[in-house]
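Protein chains in written order, with this note's numbering: chain A, 1450 to 1610; chain B, 10 to 511.
What follows is the structure in structure tokens.
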């Protein structure tokens, strides 16, 4: 009997955590369905489909968890091995910062720095190309939308754009 | 005779200058996204969905359809010249297409891919024209139970064909249904899962969800790696295949066309699976299967014909039943809904101009594609040299603008970014977004039909099995759900599973 038949329980098993998140979400959906009232089988209520969808989610999530416990699964680290994981992280940070800046600063003042950051942080584009692209593309898009299509983009507290 | 009159009416609509322009924009963008690795038809269609609002329904749908079948043409160029599939349906074309290019036969490979796509696309349109009205007249008799069961079958087929764990795909489908029913309940008007946010009363928008899960998440995944491109630099000549090439490829093209068309109709099927199936079929039928993988032109002709025929076939369930068989068609359904139209059995009779106009525009679009992909091949080769580090910030900016324009609401931009991040982690953990998106679109219809059938049958669940069409759909769905438990069928599933990341 080889040791391969024994699957070592690891807390950083990504499959296990994926299943647990699914289970928690399923549980929440069941609770929401119950709160909205299920109705009866011949007159289903607003929570009817949510309740049964939640039950199915819990079933599938449980199957994922059981499979993770019995067969094991890749760790979180192995999912990002030999990848440049910092690059998507930087893009996510830029996007989150942009989403918070969009309303107060407006489209132009938030999208020009976003473009410049994206052009420089992943595979840096030289400054002489990055600056014109970062300025002209949002400006061009803003002009087309505002002047030609009459779509008002957020102008922010400074009312620029 | 009626069909001819209808086709003439359709050409009357499609040949209007504005529709011709939209058709050209659609097939041009389709070829562009097909050529550029890292952005596929789903991302492009979700990006351009808000633009359909600015024109008539005919123009918008003609453009969206053009993007879909245009990307099928363009995808082969990247596969043959760079060995990177421009979109998932062109994965198989890399195998022999790139080998042919390495041997100095890039021209015939590109030529046969374009002509094969053209013939298959034309066949699919004629079949669509003949089959759709007949099927629509049958579908009028469908009740809520049949619709519910058909949607369940569509979702189960897609989860069956999705790569990786079926439990994960089914979980994603359930999440999609839940997200789809967020907002006011259509019967009781109770708000569901809105967390007190006014923006969620009308539900979560399709555009931010799809752009996040496919557009932003795709960009995040691509930034993880350095994208290297090994472009064939030889001059592309002999685009018109020789007599010998035609002789060898006529059979594979015909078989690929028929196979692709029928696989395209099936819910959950589509262009990707049909191209794989065609390649496997041609290899099996060949007297010299050892040539496959080493530059066999049949390995390019069959799959390219199959994926284009499937793209045409996929319109049948959407146009006749109102049920999208795959994510691309779900987006097209979104475009119909944006214009207040509901595709289904009554659309052909109530809105003949729209249906026949779309069909006729696809003929015209196929001709445009032939011109775009053969004499103008040099332009696409130049585009392949556009560096990804310049392209991806532009994609991000366009998705932000696209989402904002669809609703004039910053909240939707936040939703898109959130779904982009969720989509990235989902893909990293092996959870495919396709079942989620299809279920998100089908969710409200699924719920509506389930509740209607239960009310009509006074709570009798037997209604789903005593109606023959419903019973057949549910039986198939059950077989597919049980299949992964049987080792022999599980192995077959792995062979046909869709590789969406390709």
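Backbone N, C-alpha and C fix where the C-beta goes; we use that ideal spot for every residue, glycine too.
Which whole-angstrom value describes the C-beta separation of residue i and residue j, a residue pair presumed to lie in contact below a C-beta threshold of 8 Å?
i               : j               : result
residue 163(B)  : residue 451(B)  : 7 Å
residue 220(B)  : residue 128(B)  : Between residue 128(B) and residue 220(B) the Cβ distance is about 34 Å, and since that is not below 8 Å, they are no contact.
residue 1503(A) : residue 1478(A) : 3 Å
residue 126(B)  : residue 253(B)  : Going by Cβ atoms, the distance from residue 126(B) to residue 253(B) rounds to 20 Å, so no, they are not a contact pair.
residue 286(B)  : residue 315(B)  : 7 Å
residue 390(B)  : residue 90(B)   : 6 Å
residue 123(B)  : residue 156(B)  : About 39 Å separates the two Cβ atoms, so there is no contact after all.
residue 366(B)  : residue 39(B)   : That belief does not hold up - the Cβ atoms of residue 366(B) and residue 39(B) are roughly 18 Å apart, past 8 Å.
residue 317(B)  : residue 269(B)  : 7 Å
Answer yes or no: does any C-beta atom of chain B fall closer than 8 Å to that of residue i?
i               : result
residue 1604(A) : no
residue 1562(A) : no
residue 1537(A) : yes
residue 1599(A) : no
residue 1467(A) : yes
residue 1461(A) : no
residue 1492(A) : yes
residue 1587(A) : yes
residue 1580(A) : no
residue 1542(A) : no
residue 1548(A) : yes
residue 1458(A) : no
residue 1592(A) : no
residue 1471(A) : yes
residue 1551(A) : yes
Name, please, each residue of chain A whose Cβ falls closer than 7 Å to the Cβ of residue i.
i              : result
residue 9(B)   : Limits of chain B in this structure are 10 at one end and 511 at the other, which puts residue 9(B) out of reach.
residue 152(B) : Residues of chain A passing the Cβ test: none, with the nearest at roughly 16 Å.
Let me see if you follow: with CB-CB separation under 8 Å, is residue i close to chain A or not?
i              : result
residue 394(B) : no
residue 535(B) : It is not possible to answer for residue 535(B), since the shown part of chain B is limited to 10 through 511.
residue 27(B)  : no
residue 482(B) : no
residue 508(B) : Residue placement at residue 508(B) cannot be trusted, given a pLDDT of 44 that sits under 50; what the coordinates show is reported in the next sentence. Not closer than 8 Å to any Cβ of chain A, the Cβ of residue 508(B) fails to qualify, so no.
residue 197(B) : yes
residue 353(B) : no
residue 64(B)  : no
residue 468(B) : yes
residue 511(B) : Unreliable positioning characterises residue 511(B) in this predicted model, as indicated by a pLDDT of 35, which lies under 50. A coordinate reading is not provided.
residue 363(B) : no
Could you work out which residues of chain B lie near residue i, taking near to mean beta carbons separated by less than 8 Å?
i               : result
residue 1528(A) : 437, 438
residue 1487(A) : Per Cβ cutoff of 8 Å: no residues; residue 1487(A) is ~12 Å from chain B at best.
residue 1499(A) : 187, 190, 201, 202
residue 1568(A) : 398, 399, 402
Give the interface partners of residue i over in chain B, defined as CB-CB distance under 9 Å, in chain order.
i               : result
residue 1533(A) : 232, 233, 234, 235
residue 1607(A) : Correct list: empty, because the minimum Cβ distance to chain B is about 16 Å.
residue 1584(A) : What residue 1584(A) touches in chain B: nothing, since even the nearest Cβ is about 12 Å away.
In chain A, which residues lie less than 8 Å from residue i when you measure between Cβ atoms?
i             : result
residue 69(B) : Result: empty, since nearest Cβ-Cβ is about 15 Å, beyond 8 Å.
Closer than 7 Å to a non-hydrogen atom of the ligand MG - does that hold for the CB of residue i?
i               : result
residue 1516(A) : In the structure on display, the ligand MG does not appear, and there are no ligands present to speak of.
Point to revise | Within the region 367-405 of chain B, ranges of the alpha helix (DSSP H) (whole runs, at least 4 residues) | key: 386-392
**Study point:** Residues in the region 427-440 of chain B having any Cβ partner in chain A nearer than 8 Å
**Key:** 429, 430, 433, 437, 438, 439, 440
Point to revise | Interface positions of the region 1505-1522 of chain A facing chain B (Cβ-Cβ less than 8 Å), listed along the chain | key: 1505, 1506, 1509, 1510, 1512, 1513, 1516
Check your understanding: If you measure beta-carbon to beta-carbon, which residues of the region 160-194 of chain B are closer than 8 Å to chain A?
Key -> 174, 176, 177, 179, 180, 183, 184, 186, 187, 190, 194
Check your understanding: Which residues, in chain order, does the region 401-423 of chain B contribute to contact with chain A at a C-beta distance below 9 Å?
Key -> 401, 402, 403, 405, 406, 407, 409, 410, 413, 414, 417, 419, 422, 423
Practice item. Anything in the region 454-466 of chain B with a Cβ closer than 7 Å to a Cβ of chain D? List those residues in chain order, please. Key: The structure shown contains no chain D; its protein chains are A and B.
Review point. In chain order, which continuous runs of the alpha helix (DSSP H) of length 4 or greater are located wholly inside the region 1463-1487 of chain A?
Key: 1463-1484
Check your understanding: Going along the chain, which unbroken runs of the alpha helix (DSSP H) with 4 or more residues stay wholly within the region 1477-1538 of chain A?
Key -> 1497-1520, 1525-1528
Point to revise | Under 8 Å (Cβ pairs) to chain A, residues found in the region 209-234 of chain B | key: 225, 228, 229, 230, 232, 233, 234
**Study point:** Ranges of the alpha helix (DSSP H) found wholly within the region 427-510 of chain B, counting only runs of at least 4
**Key:** 442-465, 472-475, 477-491, 496-505
Exercise for review: Could you pull out every unbroken alpha helix (DSSP H) segment of at least 4 residues lying fully inside the region 220-291 of chain B, listed in chain order?
Suggested key: 226-232, 252-274
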